[in-house]
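Below is one structure; the comments refer to it alone.
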Amino acid sequence: MSKKDDQNGSPRDAHYAKLRRAHRDNKRARGDLPPAPARQGKRGPAGPLPVSGDEVLLYGLHTVRAAIENPERRLISLKVTQNALARLTDGLALPESLPVDIVRPREIDDILGEDAIHQGVMLKTLALPVRRLDALNDSPLLLVLDQVTDPHNVGAILRSAVAFSAGAVITTMRHSPAESGVLAKSASGALEHIPYIQITNLAKALDELHAMGFASIGLDSEGPAPLEETFAGGKVALVLGAEGKGLRQKTRETVTALARLDMPGVIKSLNVSNASAIALYAARQHLGKTSKG
Numbered sequence: 001m002s003k004k005d006d007q008n009g010s011p012r013d014a015h016y017a018k019l020r021r022a023h024r025d026n027k028r029a030r031g032d033l034p035p036a037p038a039r040q041g042k043r044g045p046a047g048p049l050p051v052s053g054d055e056v057l058l059y060g061l062h063t064v065r066a067a068i069e070n071p072e073r074r075l076i077s078l079k080v081t082q083n084a085l086a087r088l089t090d091g092l093a094l095p096e097s098l099p100v101d102i103v104r105p106r107e108i109d110d111i112l113g114e115d116a117i118h119q120g121v122m123l124k125t126l127a128l129p130v131r132r133l134d135a136l137n138d139s140p141l142l143l144v145l146d147q148v149t150d151p152h153n154v155g156a157i158l159r160s161a162v163a164f165s166a167g168a169v170i171t172t173m174r175h176s177p178a179e180s181g182v183l184a185k186s187a188s189g190a191l192e193h194i195p196y197i198q199i200t201n202l203a204k205a206l207d208e209l210h211a212m213g214f215a216s217i218g219l220d221s222e223g224p225a226p227l228e229e230t231f232a233g234g235k236v237a238l239v240l241g242a243e244g245k246g247l248r249q250k251t252r253e254t255v256t257a258l259a260r261l262d263m264p265g266v267i268k269s270l271n272v273s274n275a276s277a278i279a280l281y282a283a284r285q286h287l288g289k290t291s292k293g
C-alpha cells in the first residue's frame, strides 16, 4: 500500500476537505466564482440509499476492493465515478453479476454525507456471515473486546489482529459497533480477512473459550504482573476494555488472569488500539516460543 493510500480517510483529510468546501462556498457567496452547476438530466439528488437490516454500505477504494475479492461477501451493487472505476479495476476484474452505476462524486456524497472519504466508490453488500465461537478451535490467538464502542478504534484493532494473524475479534452486541462503512473503512480491508464475532454475554463466551483450552488474559493497568510474565499454554485470548472504564467487574472476575503493560515513560496508558497491537505482538512472541518447545 502506498503512503498516499495509507493516509486516505484520516481525520485530517476530512478536515481539509471541509475547509476547501467552505472556502469555495464563501467565494461563490461573494461572487468570485460562478454558481455551482445544476445537475444535468432528470436525476435529482440521490438522497439516502435504502438498506435493509442485513445490508451495509462500504466505501473507499481499498475497503471496496477487499470486499469484492472476498468470496464470502454477497455483493449487491456498486456506485463509482469514472476515475475511481479505473483505479478500482487496475488488476481487479469486477464480477459480471455485479450491477455498476457510473455516478458523479456528489451523488455518493448525498448518500454517505460529505464527511465520508469515499474516494468515488461505494459498494452495497450484505453483512458478512455470522461466525460461531466453536469454529475458532484451531486458532491459538484471539482478541476479545469488552464494550469498546468507537468504530475507528475497533477498525484499527481489526487491522492489528489481521497483521498478527489472530483467529477472530470477539465483542459484545451491545455497546460495540456493528459492521458498517465506518468500521470497514477504519479497518482498511481487514474486516474481510478476520471473523468479527458479536456475542450476547461476554462472561459466558469467555467460559466457552476456557472450555476450548484458551487462557484468557485481561489487560488492566493495575494487573498483578506484566503481560509477558502472565502467558501460559498454547492458546491465548487477550481481553481489552474500553478506554477510561477498562474491563467490567464481571469480566475481571471471569478471565483466567489479569496483567498489565509496563510502560517506563511518563504516560502510563495507551489508546486501546495501540494497547491491542502491543499485546498481540507479545502474545505472538510467547506462542512462537511455545511452538518451538
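Going by the UniProt record's numbering, the sequence shown opens with residue 1, and the numbers climb by one from there. Think of the CB as a built atom: it goes at the ideal place given N, C-alpha and C, for glycine as much as any other residue. Just so we're clear, the structure is a prediction, and the values are computed from it rather than from any experiment.
{"Asked": "H175 beta carbon less than 8 Å from that of T149", "Found": "yes"}
{"Asked": "Supposed close pair T81, V103 - CB separation, criterion 8 Å", "Found": "6 Å"}
{"Asked": "Spatially closest choice to V169 from L191, Y59 and A225, by CA coordinates", "Found": "L191"}
{"Asked": "With 16 other Cβ atoms within 10 Å as the buried cut-off, status of K204", "Found": "exposed"}
{"Asked": "Residue 295 classed as buried or exposed, judged by whether at least 16 other C-beta atoms fall within 10 angstroms", "Found": "Summary: the structure shown does not reach residue 295, with the chain confined to residues 1 through 293, and so no result is reported for it."}
{"Asked": "Per DSSP, cross-strand counterpart(s) of L142", "Found": "A237"}
{"Asked": "C-alpha distance - K268 paired with P71, whole-angstrom precision", "Found": "42 Å"}
{"Asked": "Distance between beta carbons of G155 and L57, contact taken as under 8 Å", "Found": "With 8 Å as the limit, L57 and G155 do not qualify as a contact, their Cβ atoms being about 15 Å apart."}
{"Asked": "One or two residues paired with V80 in a DSSP bridge", "Found": "I102 and V121"}
{"Asked": "L183 - containing alpha helix (DSSP H), residue span", "Found": "G181 to A187"}
{"Asked": "Beta-carbon proximity of A94 to I68, cut-off 8 Å", "Found": "The displayed chain sequence assigns Leu, not Ala, to residue 94. Yes, they are a contact pair."}
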